[in-house]
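Residue numbers (UniProt numbering): 1 to 349.
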Ligand code: FES
Ligand SMILES: [Fe+2]
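The following block contains the structure:
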């Protein structure tokens, strides 16, 4: 039954922003290729340093555009030197004086740089929402630090449950009982929050120690967008740590992830030094939680056959993903298939 759900689906592509490269990896006039859920896409920087992204296979005869070169702010295919601008319009065919009457168009994608990453909008039309941000930091000037790239051998949706499966916080991460008691809160079709109602337990040494210094609540808030981006905010009221997990599925069913630590900008040299240290600590906190269950996410075959009440957050996440708008890449790829065109040509000539 689980296979028919959007959750953990190898074929469903959510409408949203997916990270494709670290921004620094693509220099001016460079072209890189990425396989995004079975679709080859090239991402490049023009001479103006702005990004562009196009379907990878040339609409003429299918050569891979990564072998081409950047010319001005467009791309020239290696094979017969057709040129495409950033919007995917063919603007030059060197052996023809005028371009064919029927416009030749390659599918282009909206790409944006944010948090040190390049993000690609999966939809056909212009983006209907922005790249996610930590809710508590929305509309604030931010400092961030981009962490290492990591891989897990399961779908990103499954990786995401790691931060909301409160059951395993006790068994794997040895957090004292009842620290976490999260309730899901649906914000809209693409965004769901998980907010914690728990307090440090007086039945545990760590809880008692905490309570000596601090009586306020410990925040643990997750925010998930379209099953591929998650943010964590955690800590006592006087110091919240913020992390983002940007995930993308790979063709072999694994997940390629990036962790980004955030904090609000602090003024002056001291502010900068403080933030640098804080961002490192934040990344370490993320690392601590990731390392404890590495082996689970390298072998799991997710199948929640016997949910119990402690799995309520996981179930809420699975349910919410059903509402997430999807994009149908297969349909748009078929429409522009060379096979269709070649068949028509054979008939006509
Ligand atoms: S295949 Fe690209 S120009 Fe011919
Ligand atoms: Fe975990």
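For every residue, glycine included, the Cβ atom is placed at its ideal position computed from N, Cα and C.
Quiz prompt | Counterpart residues of residue 224 in DSSP-defined beta bridges | solution = By 1-based counting over the chain shown, the position of residue 224 is 224. 192 and 230.
Quiz item: Applying the criterion that 16 or more other CB atoms from any shown protein chain within 10 Å of the CB defines a buried residue, is residue 186 buried or exposed?
Solution: Translated into the one-based positions of the chain shown, residue 186 becomes position 186. In the assembly as shown, residue 186 is an exposed residue. Its beta-carbon has fewer than 16 other beta-carbons within 10 Å.
Quiz prompt | Classification of residue 18 by the beta-carbon crowding that lies within 10 angstroms, buried from 16 upward | solution = For the purposes of this step, residue 18 is taken as the residue at position 18 of the chain shown. By the neighbour-count criterion, in which 16 or more other beta carbons inside 10 Å mark a residue as buried, residue 18 falls on the buried side.
Quiz item: Looking at C-alpha atoms only, which residue of 72, 163 and 92 is the closest neighbour of residue 80?
Solution: Working through the chain shown from its first residue, we reach residue 80 at position 80. Per the Cα distances, 92.
Quiz item: Going by the CB atoms, is the gap between residue 251 and residue 35 shorter than 8 angstroms?
Solution: For the purposes of this step, residue 35 is taken as residue 35 along the chain shown, with counting starting at 1. For the purposes of this step, residue 251 is taken as residue 251 along the chain shown, with counting starting at 1. Cβ atoms of residue 35 and residue 251: closer than 8 angstroms.
Quiz item: Quick one: what does DSSP say residue 142 is sitting in, helix, strand or coil?
Solution: Position 142 of the chain shown, counted from the first residue, corresponds to residue 142. Strand.
Quiz item: By the 10 Å Cβ neighbour count, where 16 or more other Cβ atoms means buried, how is residue 239 classified, buried or exposed?
Solution: Taking the chain shown and counting its residues from 1, the one referred to as residue 239 is at position 239. Per the 10 Å Cβ criterion, exposed.
Exercise. Please classify residue 10: is it buried, with 16 or more other beta-carbons within 10 angstroms of its beta-carbon, or exposed?
Key: Counting from 1 along the chain shown, the entry for residue 10 is found at position 10. Under this definition residue 10 is an exposed residue.
Quiz item: Who are residue 57's beta bridge partners in DSSP?
Solution: Stepping through the chain shown from its first residue, residue 57 is reached at position 57. Beta-bridge pairing links residue 57 to 64.
Self-check item: Sequence ranges, beta strand (DSSP E) only - wholly within the UniProt domain "Rieske" (17-120), length at least 3
Solution: DSSP runs (the beta strand (DSSP E)) wholly in the UniProt domain "Rieske" (17-120): 17-22, 31-36, 39-45, 51-55, 69-71, 74-76, 90-92 and 111-114.
Quiz item: What separation, rounded to the nearest whole angstrom, lies between the Cα atoms of residue 113 and residue 347?
Solution: Residue mapping note: residue 113 aligns to position 113 of the chain shown, counting from 1. Residue mapping note: residue 347 aligns to position 347 of the chain shown, counting from 1. Whole-angstrom Cα-Cα distance: 45 angstroms.
Quiz item: Would you report the Cα separation of residue 3 and residue 22, rounded to the nearest angstrom?
Solution: Within the chain shown, numbered from 1, the residue matching residue 3 stands at position 3. Within the chain shown, numbered from 1, the residue matching residue 22 stands at position 22. Note on residue 3: pLDDT 48, under 50, position unreliable in the model; the coordinate value appears next. Rounded to the nearest angstrom, the two C-alpha atoms are 32 angstroms apart.
Exercise. Run the proximity test for residue 158: is its beta-carbon closer than 7 angstroms to any non-hydrogen atom belonging to ligand 2?
Key: On the chain shown, position 158 is the one that residue 158 refers to. It does not: the Cβ of residue 158 is nowhere closer than 7 angstroms to a heavy atom of ligand 2.
Practice problem: Within its chain, find whatever has a CB closer than 6 angstroms to the CB of residue 135; leave out the 5 residues flanking it on each side and keep chain order. | Solution: Translated into positions along the chain shown, residue 135 becomes position 135. Correct list, in chain order: 223.
Self-check item: Under the three-state DSSP convention, the category residue 218 falls into
Solution: Counting from one through the chain shown, the residue named residue 218 turns up at place 218. Note: residue 218 maps to strand in three-state DSSP.
Practice problem: Determine the extent of the alpha helix (DSSP H) in which residue 186 is found, giving its start and end residues. | Solution: Working through the chain shown from its first residue, we reach residue 186 at position 186. Element bounds for residue 186: not the alpha helix (DSSP H) but the beta strand (DSSP E), 182-186.
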